[in-house]
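Notes to accompany the following structure.
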Ligand SMILES: *Cc1c(COP(=O)(O)O)cnc(C)c1O
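Residue numbers (full-length UniProt numbering): 1 to 379.
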């Protein structure tokens, strides 16, 4: 059997061991230490934010962001529907109610039209959401200007789920820096990884100081162990932060490699009638974390699932586009706002979309094999 071509596998830089060894030599194995501080400073400088708090996962970062904007039982939180479940799970941790917002076609991300309708309805009902979670899917930034204008009009804070878009930018500003809080993920399949981990970023230094406090069991300043609020064990270890520092050094290279992967797919397959690649909105720069495309059922004779099976038989991993959260059994009964009354964009993208192997460590030969198998299956 040939080696399986994976969707997105970890890609080490070779420098990770240096930072890990430093941690061992100084015996800073336990949480916190110079790698934790260093990784936070380096991410802040890279993204152009005042402060960052490194955590055990991107999900933990979303949880703390929601906690910091004051979400509690019975509150409403708006969230992109076309995303991974981790974007919305923390809403349930806090016993708040998610309302899902559809996508639009130019970015596949939150539709400003749907958000505007949802906000107007919420205001009319006398209960605005306490936050809006905007996701940047597969590296593509959402329409931030339009979305922020709506959030600001109603004075509702935005939390930017940039788990998939570290290294991307929107009008020259780094993805993850538009909302009150932004979050990144360093899970094993993301563009850079610490095997598992996340980051909460913001210009609000006081809020991030509070985030670190909550992430280390919320211990009050006292000689004895004293606690007044619920805390979490959410900090990243000093060892893993060392891996993150070495990974951050090569982030821009990884972005370029993934963009090259995208370009090769688009060149080889873009001419086929009925194939459409995920667009890159003008003025934005996507890290192209995953190359995603849709197959028009009117023009392409096989479905994305059939194509995934064909690829799987050749030992190639491909995946569907995220199943919209408003269709998930977990969120049954939650409200959903479509892009237009007769057009549910997220469901259309889910039904016709497929994500191709996109790792920055994939060889050109491997990619050519994927392209050949797809051409064979479609033509
Ligand atoms: C990966 C991911 C997360 C969660 O990050 P973890 O570090 O795995 O907890 C959240 N949102 C999106 C959109 C993701 O892709």
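The C-beta atom is built at its ideal place from N, Cα and C for all residues, glycine as well.
Name the DSSP beta bridge partners of residue i, please?
i, result
"residue 78", "99, 132"
"residue 355", "292, 319"
"residue 185", "198"
"residue 121", "DSSP, once it has assigned bridges, lists no residue as partnering residue 121."
"residue 343", "340"
"residue 12", "Paired residues: none, contrary to the question."
"residue 110", "103"
"residue 169", "174, 285"
"residue 233", "216"
"residue 5", "316"
Contact check, residue i vs residue j under 8 Å by CB: the rounded distance?
i, j, result
"residue 14", "residue 184", "Not a contact, Cβ separation roughly 22 Å."
"residue 66", "residue 91", "7 Å"
"residue 71", "residue 94", "5 Å"
"residue 347", "residue 180", "Incorrect: roughly 30 Å between the Cβ atoms, too far for contact."
"residue 135", "residue 194", "Rounded, the Cβ-Cβ distance is 21 Å, inconsistent with contact."
"residue 213", "residue 198", "About 17 Å; that fails the 8 Å criterion."
"residue 87", "residue 101", "That pair is no contact at about 11 Å."
"residue 50", "residue 175", "The Cβ separation is near 17 Å, so there is no contact."
"residue 251", "residue 192", "5 Å"
"residue 122", "residue 76", "7 Å"
"residue 189", "residue 349", "Incorrect: roughly 20 Å between the Cβ atoms, too far for contact."
"residue 177", "residue 47", "5 Å"
Please report the residue range of the alpha helix (DSSP H) in which residue i lies.
i, result
"residue 242", "238-249"
"residue 34", "34-47"
"residue 54", "No alpha helix (DSSP H) contains residue 54, which is instead part of the beta strand (DSSP E) from 51-55."
"residue 207", "205-215"
"residue 301", "It is not in any alpha helix (DSSP H) - residue 301 carries neither H nor E in the DSSP assignment."
"residue 191", "Taken as a continuous stretch (DSSP letters only), residue 191 belongs to no alpha helix (DSSP H), as it is neither H nor E."
"residue 364", "364-378"
"residue 148", "144-154"
"residue 59", "58-68"
"residue 90", "89-93"
Between the Cα of residue i and the Cα atoms of the options, which residue gives the shortest distance?
i, options, result
"residue 289", "97, 347, 140, 23", "140"
"residue 55", "75, 239, 348", "239"
"residue 372", "339, 34, 310, 162", "310"
"residue 116", "88, 109, 150", "150"
"residue 78", "68, 354, 186, 110", "110"
"residue 137", "280, 5, 130", "280"
"residue 45", "163, 124, 106, 167", "167"
"residue 19", "8, 37, 4, 6", "37"
"residue 211", "229, 196, 224", "229"
"residue 307", "355, 286, 262, 341", "355"
"residue 248", "144, 103, 225, 35", "35"
"residue 52", "200, 213, 101", "200"
"residue 275", "325, 74, 131, 291", "291"
"residue 384", "293, 33, 299", "This structure gives no information on residue 384, because the portion of the chain shown stretches from 1 to 379."
"residue 282", "113, 143, 300, 331", "143"
"residue 106", "277, 259, 334", "277"
"residue 215", "234, 209, 349, 323", "234"
"residue 74", "104, 313, 130", "130"
"residue 379", "273, 342, 159, 261", "273"
"residue 256", "189, 244, 287, 88", "287"
"residue 351", "254, 305, 376", "305"
"residue 370", "189, 285, 269", "269"
"residue 97", "123, 127, 252, 60", "127"
"residue 153", "165, 259, 132, 161", "132"
"residue 359", "118, 206, 318", "318"
"residue 5", "361, 377, 340", "361"
"residue 170", "146, 333, 188", "146"
"residue 258", "340, 316, 357", "357"
What are the boundary residues of the beta strand (DSSP E) that residue i is part of?
i, result
"residue 20", "Not the beta strand (DSSP E): residue 20 falls in the alpha helix (DSSP H), residues 16-25."
"residue 277", "275-277"
"residue 159", "158-161"
CB of residue i to nearest heavy atom of ligand 3: below 7 Å?
i, result
"residue 190", "Ligands displayed in this structure: ligand 1; ligand 3 is not among them."
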